[in-house]
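In what follows, a structure is listed as structure tokens, so that the remarks can point back to it.
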Amino acid sequence: MAGVAAVSGLPSLAHAAGKPVESMTLLTANAGFDPVRPEMGRLITQACKKIGWDVKLAAEDYNMGIGKVFNEKDFDMFIVRWTGRANRIDPETFTAMMHHRDGNYNKWGYNNSRVNELSDAQQVEMDPQKRRDLVLQIQETIYNDAASSPIVYPSMTNAYREDKLKGVVPQVGEGIGSLWTDIAATTSTSDGYIRTGQTSPLKNLNPVSVTDSNEFKELRMIYDRLLQVGPDGSIEPWAATAIKAVDSTTVDITLREGMTFHDGQPVTPADVKFTFDYHKQWKAPFFISSLEKFESVTITGKNTLRIKLTAPHAPLMINFFAQIFILPQHIWKDIPEKVNVDDVLKFANENPIGSGPFKFDYWDRGKELKVSANKSHFRAPKCAGIIRVTYGSHDAMAAAIEAGECDRTRYILKPALVEDLNKINGIVGKGYSSHGWYGFMFNHLRGPLQDPIFRAAIDHVVPRDVIQAVVMSGFADKGGSVIAPANEFWHNASLKARPSSTKKAREILAAAGYSWDSSDRLHYPA
Amino acid sequence: MFDYILRRLVYTLITLFAVASILFVLFRMLPGEATMQVISPAMDPAVQERMKAAFGLDLPIWQQYFIYLQNLVTLEWGRSFVSAQEVTSVIAYRFWNTLLLMLTGLCLTLTVGIGCGIWMAWRRNGPLDVGGTIVGLIFQAAPPFITGLLLLMVLSYRLGLFPTGGMYPPGQRPDSLLELLIMPAFWERIVLPTITVGAYYLATPMLVMRDSMLEVLGSDYIELAKAKGLKPRIVMFRHAARNALLGVVTLASIMVGFAVGGQVVVESLFSWPGMGQLMVESAAAHDYPVAQGTFLMLAILVIGLNFLTDILYCYLDPRIKVSNTGLT
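Protein chains in written order, with the working numbering: chain A, 284 to 809; chain B, 113 to 440.
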């Protein structure tokens, strides 16, 4: 029988040869934060016991857990939900950021030279097809290595009043809470405003300091972007009619003509250049890493700009151009000086003026945001406006939909409530495809988790069938590759979820030299 | 009297200083980084440092403490880490929302509680006394989310008599407090949370009033009043109830403080944007300035009301004399 060192090439495990595999802890957020995660954790820990491995569940406060993983790096395994944010349509997050040795998310010590090389290569490959080939290979390597274990791909569970709301346009990862629904839908309510429910309060209206998808979703109604992520995850022109890569480090932008800010001032290339420079000057948190790759921004014509990059950077289209908000220079050039703060991050921007499809009316912190349709916009909304209402809980929001006080949900509604609402006449409750996933993540620097064979065996014991059917009420697909099938272009369709099988897991472990003692406790290879 | 008030004022300020200091320490003992909620921990460490520097979190703790104390005194409570709004404006708005809810709830509970307490004592051991005690204790034992949820399920979801929550209909924000108060939709929305709050606190003033009344009813002057042939209603209200009120007055001041800070569940259930919700949101988001501000505001309210109660005591009960050592 081959020893651990021989099997996995991990000399660090040689000292453990023949010893019992140590007990470990699976960390999750508690049920108060997400009722699904502790349930998944409970099922996984029980399944691990079936292969003779003792795993304890620790359901903790979300912040504390995040701190343990990302700041202290003090964890064995954890369950996380990687939400289907629009910018995560680009493969950068799930490949390079999570699995490259130097990736910002990679706090779990995964280091595979092939993944590192391929990740580096895809970042600078500007040809989408060639980049796709690299991304498919990365997924395959990660899968074979069982570097992360996608448990399920959860649907975006939403509900809306079918009897009032017409023309909803679901978007991958966002469901009917998308901008496309905001601009395309109409409502039969007397004032024409779409009541949109959300359980998380809106926190901020400053487009420079924004980092949270909650705020991005509201600010994108008020501020235009150069590009938008379309309903199917592709890139669609928006304020820019074209963004062309002249070569690998030169990008030309053509700005749409005739756009105006909500105060009547025209949107010009100078505003776009100012936006880039301003974000760079103030080190805008979300954009700082992209902007570091900007060498210069030049206005080249009446409605054109040229960007010179210090190095090629393929994720720029979705992660930067489809995220950054165009600022009116005539307002922001005096900020923060004129508003008595020393840093733009301290600016509340309580009366945001952009050029987007909706104009700001008011924000009642903790309760609601109201915006009205900008009828002169090139994609003028069909409704009169959007009222985003904060509800205290999922149950309160579901009740408001049932009572007809709320027209749709912006974000996730608990699957069980979606099922209930769908039974009511006039209400549609369903799951929309998403590229996010629930992940079972390993600390690659600890104990048996250093061994890819062990990780692959563990991936086989994850009871995906039960989790999909019971915990997720059917609103999910079983997880395989780190890029979900909903992200069609980048997904490697050859990688399927490993079937849940204790027998198979035991076979894999036995073949690698692992053994069991008389009390069925798992031991490292001798 | 003046010496007494001055001394009480000094004690009050010392207590507030202690509370403010404890709050500062407590929030910094919370697990997790302050910037964690504001910015993804996966982002570049330089970005996190940038956030810390913007809000002064890169300074040594002692320096942050002195800035904090200085800001408290000058009423510059800083800006929210999360929304960048001024803490005082955030708290002020939420405070009034909570106060509206709590005042209506407490008015209901005090009116019903005191009234029932008087009658229960007057008809001691009668059906009203026994029934009232049971009902009051049931409401007190039932967490507000149970009472509130039942009210919502029956009166709102099933019968559709009341809206499900909020302070006003979506999209119809009033421009002023007065406009809010004359809005029928506001009063429709405040009914259920008011009943929830009122029911939860009902037992306390009711039973305290009952006990005080029983004590007073055994006094000689009540016997004398009865012997004088005064009408029972006059004996009950003018002679007994007024003197029995002292205990409830003390209680009411404490109840206001607890009610303002303790209605997290009611506010969440009825989507009421008040102080309770703000406390939870800001503490969970490590938004130190707002979290400290909300708790401090609560402390000011409770301690301030205690101070006023002490003074009110002297007015309500002429038997209480003020000596150099305080109350005798």
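Virtual Cβ for every residue (Gly too), placed ideally from N, Cα, C.
Could you tell me if residue i is buried or exposed, where buried requires 16 or more neighbouring beta carbons within 10 angstroms of its beta carbon?
{"i": "Ala339 of chain B", "result": "exposed"}
{"i": "Trp299 of chain B", "result": "exposed"}
{"i": "Asn237 of chain B", "result": "exposed"}
{"i": "Asn632 of chain A", "result": "buried"}
{"i": "Ser133 of chain B", "result": "exposed"}
{"i": "Arg368 of chain A", "result": "buried"}
{"i": "Leu289 of chain B", "result": "exposed"}
{"i": "Ala289 of chain A", "result": "For Ala289 of chain A, the predicted structure reports a pLDDT of 41, less than 50, and the residue's modelled location is therefore unreliable. A value from the coordinates is still provided. Exposed: under 16 other Cβ atoms inside 10 Å."}
{"i": "Asn245 of chain A", "result": "Look at the range of chain A in this structure, 284 to 809, and you will see that residue 245 of chain A is not part of it."}
{"i": "Ser579 of chain A", "result": "exposed"}
{"i": "Ile126 of chain B", "result": "exposed"}
{"i": "Gln375 of chain B", "result": "buried"}
{"i": "Ala337 of chain B", "result": "buried"}
{"i": "His351 of chain B", "result": "buried"}
{"i": "Gln404 of chain B", "result": "buried"}
{"i": "Pro275 of chain B", "result": "buried"}
How close, in whole Å, do the beta carbons of residue i and residue j come, if the pair is a contact with beta carbons under 8 Å?
{"i": "Val347 of chain B", "j": "Ile334 of chain B", "result": "6 Å"}
{"i": "Gln405 of chain A", "j": "Pro374 of chain A", "result": "7 Å"}
{"i": "Gly277 of chain B", "j": "Gly217 of chain B", "result": "The Cβ separation is near 15 Å, so there is no contact."}
{"i": "Ala196 of chain B", "j": "Lys616 of chain A", "result": "No, Ala196 of chain B and Lys616 of chain A are not in contact; Cβ-Cβ is about 19 Å, not under 8 Å."}
{"i": "Leu554 of chain A", "j": "Pro611 of chain A", "result": "The amino acid at residue 554 of chain A is misidentified as Leu; the sequence shows Asp. Indeed, because the Cβ distance is near 6 Å, the residues count as touching under 8 Å."}
{"i": "Gly480 of chain A", "j": "Glu379 of chain B", "result": "Not confirmed; about 17 Å, so no contact."}
{"i": "Gly248 of chain B", "j": "Ala315 of chain B", "result": "3 Å"}
What does the alpha-carbon distance come out to for the pair residue i and residue j?
{"i": "Trp773 of chain A", "j": "Met279 of chain B", "result": "46 Å"}
{"i": "Tyr312 of chain B", "j": "Ala597 of chain A", "result": "59 Å"}
{"i": "Gly796 of chain A", "j": "Tyr393 of chain A", "result": "23 Å"}
{"i": "Glu161 of chain B", "j": "Phe353 of chain A", "result": "15 Å"}
{"i": "Phe479 of chain B", "j": "Val131 of chain B", "result": "Any property of residue 479 of chain B remains undetermined from this structure, which presents chain B solely from 113 to 440."}
{"i": "Leu135 of chain B", "j": "Ile423 of chain B", "result": "28 Å"}
{"i": "Pro239 of chain B", "j": "Ala364 of chain B", "result": "27 Å"}
{"i": "Met318 of chain B", "j": "Trp208 of chain B", "result": "27 Å"}
{"i": "Arg206 of chain B", "j": "Gly386 of chain B", "result": "4 Å"}
{"i": "Met409 of chain B", "j": "Leu184 of chain B", "result": "11 Å"}
{"i": "Ser324 of chain B", "j": "Cys426 of chain B", "result": "18 Å"}
{"i": "Ala523 of chain A", "j": "Phe316 of chain A", "result": "39 Å"}
{"i": "Gln284 of chain B", "j": "Ala297 of chain B", "result": "10 Å"}
{"i": "Leu588 of chain A", "j": "Ala663 of chain A", "result": "25 Å"}
{"i": "Asp416 of chain A", "j": "Ser192 of chain B", "result": "46 Å"}
{"i": "Glu685 of chain A", "j": "Arg729 of chain A", "result": "49 Å"}
{"i": "Ala752 of chain A", "j": "Gln252 of chain B", "result": "40 Å"}
{"i": "Ile203 of chain B", "j": "Asn418 of chain B", "result": "22 Å"}
{"i": "Asn313 of chain A", "j": "Arg320 of chain A", "result": "7 Å"}
{"i": "Arg747 of chain A", "j": "Ser517 of chain A", "result": "30 Å"}
{"i": "Gly260 of chain B", "j": "Ile571 of chain A", "result": "47 Å"}
{"i": "Met755 of chain A", "j": "Pro698 of chain A", "result": "7 Å"}
{"i": "Asp115 of chain B", "j": "Thr124 of chain B", "result": "14 Å"}
{"i": "Gly190 of chain B", "j": "Arg120 of chain B", "result": "29 Å"}
{"i": "Phe737 of chain A", "j": "Pro731 of chain A", "result": "6 Å"}
Taking 7 Å as the cut-off, is the beta-carbon of residue i closer than that to any non-hydrogen atom of the ligand COA?
{"i": "Asn355 of chain B", "result": "The model depicted lacks the ligand COA and carries no ligand whatsoever."}
query: Quick one: any contact between the stretch 695-712 of chain A and the stretch 483-498 of chain A, if contact means 3 or more CB pairs under 8 Å?
result: As far as the Cβ criterion goes, the stretch 695-712 of chain A does not touch the stretch 483-498 of chain A, which means the pair count is below three.
message: If contact is defined by three or more beta carbon pairs under 8 Å, each pair taking one atom from either stretch, is the stretch 690-700 of chain A in contact with the stretch 425-435 of chain A?
response: Output reads no: the stretch 690-700 of chain A does not touch the stretch 425-435 of chain A.
The stretch 771-784 of chain A touching the stretch 340-356 of chain A, judged by at least three CB pairs closer than 8 Å: no
- prompt: What residues in the stretch 563-585 of chain A bring their beta carbon closer than 7 Å to a beta carbon of chain B?
  reply: Lys566, Pro568, Ile571 and Ser572
field: contact_flag[the stretch 495-512 of chain A, the stretch 595-605 of chain A] where n(CB pairs < 8 Å) is 3 or more
entry: yes
- prompt: Quick one, which residues of the stretch 471-483 of chain A are near chain B if we go by CB-CB under 8 Å, in chain order?
  reply: Listed in sequence order: Asp474, Tyr476 and Arg478.
query: Taking any Cβ of chain B, which residues in the stretch 614-634 of chain A have a Cβ under 9 Å from it, in chain order?
result: Val624, Asp625, Asp626, Val627, Leu628, Lys629, Phe630, Ala631, Asn632 and Glu633
query: Going along the stretch 648-666 of chain A in order, which residues come within less than 7 Å of chain B, judged by CB to CB distance?
result: Arg648, Gly649, Lys650, Glu651 and Lys653
- request: Could you name the residues of the stretch 246-276 of chain B whose beta carbon sits closer than 8 Å to any beta carbon of chain A, in the order they occur along the chain?
  value: Hits within the stretch, in order: Leu264, Ser268, Tyr269, Gly272, Pro275 and Thr276.
Three-pair Cβ contact test at 8 Å for the stretch 715-722 of chain A versus the stretch 448-460 of chain A: yes
- prompt: Can we say the stretch 382-391 of chain B touches the stretch 172-179 of chain B, given the rule of at least three CB pairs closer than 8 Å?
  reply: In this structure the stretch 382-391 of chain B does not touch the stretch 172-179 of chain B; the number of beta carbon pairs closer than 8 Å is below three.
- prompt: Pairing CB atoms from the stretch 635-651 of chain A with CB atoms from the stretch 575-592 of chain A, are three or more of them under 8 Å?
  reply: no
Residues within the stretch 158-176 of chain B neighbouring chain A, beta-carbon criterion of under 9 Å: Ala158, Val159, Gln160, Arg162, Met163, Ala165, Ala166 and Phe167
query: Below 8 Å, can you find three or more Cβ-Cβ pairs linking the stretch 465-475 of chain A to the stretch 436-452 of chain A?
result: At 8 Å Cβ cutoff, the stretches touch.
- prompt: In the stretch 388-422 of chain B, which residues sit with their C-beta less than 8 Å from some C-beta in chain A, listed in chain order?
  reply: Gln389, Leu390, Glu393, Ala396, Ala397 and His398
query: On the three-pair Cβ rule with 8 Å, is the stretch 358-366 of chain A touching the stretch 398-412 of chain A?
result: With contact defined as three or more Cβ pairs closer than 8 Å, the stretch 358-366 of chain A and the stretch 398-412 of chain A are not in contact.
- prompt: If you measure beta-carbon to beta-carbon, which residues of the stretch 301-321 of chain B are closer than 7 Å to chain A?
  reply: none
field: Where the stretch 194-228 of chain B meets chain A: residues whose CB sits under 8 Å from a CB there
entry: Hits within the stretch, in order: Val194, Ser195, Ala196, Gln197, Glu198, Val202, Tyr205 and Arg206.
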